[in-house]
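Everything on this sheet refers to the single structure shown next.
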Amino acid sequence: MPKLYSSKRIIKVLGKNGFVVISQKGSHLKLFSKSGRLVVIVPANKKEIPVGTFYSILRQSKLSKEDFK
């Protein structure tokens, strides 16, 4: 089973890669990357993000799994 990351860890890594929180609606944060004009939606305050959701975040952000290690 792959390692599950918390939303806090994912937001921290996205921040280090140039993403900035621009809004929050309910339990989801919207992060924006000025360099690549990318928008990523991340569920907030979760201890474990499901694998499918994590891969969706990777696809939206155009980052690799190695960026999160």
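Numbering (our numbering), first residue to last: -16 to 52. Every residue, glycine too, gets a C-beta built ideally from N, C-alpha and C.
Alpha carbon of residue i to alpha carbon of residue j, nearest angstrom
i: A27; j: H11; result: 5 Å
i: S(-10); j: S18; result: 22 Å
i: K48; j: L41; result: 7 Å
i: K13; j: N0; result: 15 Å
i: I(-7); j: T36; result: 11 Å
i: S39; j: L21; result: 13 Å
i: L46; j: F2; result: 11 Å
Residue i and residue j closer than 8 Å at C-beta
i: V23; j: L(-13); result: no
i: P(-15); j: V34; result: yes
7 Å CB neighbourhood of residue i in its chain, flanking five on each side removed
i: K29; result: S(-11), S(-10)
Contacting residues, own chain, Cβ-Cβ under 6 Å from residue i (five flanking each side not counted)
i: Q43; result: V23
Buried versus exposed call for residue i [16 or more other C-beta atoms within 10 Å across all chains shown]
i: I5; result: exposed
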